[in-house]
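Residue numbers (our numbering): 23 to 248.
Here is the structure we will look at.
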């Protein structure tokens, strides 16, 4: 149920967790079995790949990549946000670190877009740490907060994204996670479900952009949904 946000009520704080792990270099239509195979190869196996296996890998790395689609979708989102809306960003930097960026006020959206364009995907997936970092950037108790988690899988750095999300939900009841999963595998749907948020899952380029837009609908439309 959505109702107009009272004029005296601040808009939700907004953070996007943006997956910049190595798997984002894969083609947007990569199948789960292909992804599992290529990331499961040992160095010894990689050294003796057959011509057919090498071709299989090249096919997974053809354009458009998940990264390219994700970046453009996020840039489109930033461009459509009200100028009154600030936004923060959390990215990955392999397993040890989860860089935080922002918040960027409406007048700084162009600066954020430049940052997004320069992002590079490499290393692991510290998803649990990333959603914890994002939650630490917002209130979530006395003010609403929306954290959009834009990803293609699950934690790959020894964390448990489901347990982290559940802890955050208890500590910050006015925080909502919405998940946009561009792998279509649903491995981290638990993040959204822990807070009553929504899950959007697609490998279709146009639908990904629309899903990201829908994930912040409450912000852009000036409503509060429960």
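Cβ coordinates follow ideal geometry from the N, Cα and C atoms, glycine included.
Source: prediction; values computed, not measured.
Check for me: the alpha helix (DSSP H) holding residue i runs from which residue to which?
{"i": "residue 213", "result": "211 to 215"}
{"i": "residue 190", "result": "183 to 193"}
{"i": "residue 86", "result": "No alpha helix (DSSP H) contains residue 86, which DSSP labels as neither H nor E."}
{"i": "residue 68", "result": "65 to 69"}
{"i": "residue 60", "result": "54 to 62"}
Relative to the C-alpha of residue i, which candidate in the options has its C-alpha closest?
{"i": "residue 135", "options": "161, 33 and 95", "result": "95"}
{"i": "residue 115", "options": "27, 33, 97 and 147", "result": "147"}
{"i": "residue 113", "options": "121, 107 and 244", "result": "121"}
{"i": "residue 79", "options": "62, 93, 90 and 92", "result": "62"}
{"i": "residue 167", "options": "42, 57, 246 and 123", "result": "246"}
{"i": "residue 164", "options": "195, 201, 97 and 212", "result": "195"}
{"i": "residue 217", "options": "72, 207, 198 and 223", "result": "198"}
{"i": "residue 192", "options": "162, 232 and 169", "result": "162"}
{"i": "residue 138", "options": "159, 93 and 99", "result": "93"}
{"i": "residue 200", "options": "189, 207, 223 and 72", "result": "223"}
{"i": "residue 188", "options": "158, 212, 130 and 202", "result": "212"}
{"i": "residue 234", "options": "97, 59, 72 and 42", "result": "97"}
{"i": "residue 207", "options": "57, 81 and 72", "result": "57"}
{"i": "residue 49", "options": "236, 67, 69 and 204", "result": "204"}
{"i": "residue 179", "options": "109, 145 and 24", "result": "145"}
{"i": "residue 132", "options": "160, 101 and 159", "result": "101"}
Do residue j and residue i come within 9 angstroms of each other at the CB atom, strictly closer than that value?
{"i": "residue 183", "j": "residue 51", "result": "no"}
{"i": "residue 209", "j": "residue 175", "result": "yes"}
{"i": "residue 227", "j": "residue 118", "result": "no"}
{"i": "residue 150", "j": "residue 171", "result": "no"}
{"i": "residue 173", "j": "residue 39", "result": "yes"}
{"i": "residue 88", "j": "residue 45", "result": "yes"}
{"i": "residue 111", "j": "residue 126", "result": "yes"}
{"i": "residue 83", "j": "residue 241", "result": "no"}
{"i": "residue 231", "j": "residue 99", "result": "yes"}
{"i": "residue 42", "j": "residue 186", "result": "no"}
{"i": "residue 124", "j": "residue 106", "result": "no"}
{"i": "residue 26", "j": "residue 244", "result": "yes"}
When DSSP builds the beta bridges, which residues end up paired with residue i?
{"i": "residue 112", "result": "39 and 122"}
{"i": "residue 223", "result": "203"}
{"i": "residue 49", "result": "87"}
{"i": "residue 245", "result": "26"}
Can you give me the start and stop residues for the beta strand (DSSP E) that residue i sits inside?
{"i": "residue 203", "result": "197 to 203"}
For this session: Quick one: which unbroken beta strand (DSSP E) runs of 3-plus residues sit fully inside the region 124 to 178? Chain order, please.
Result: 167 to 173
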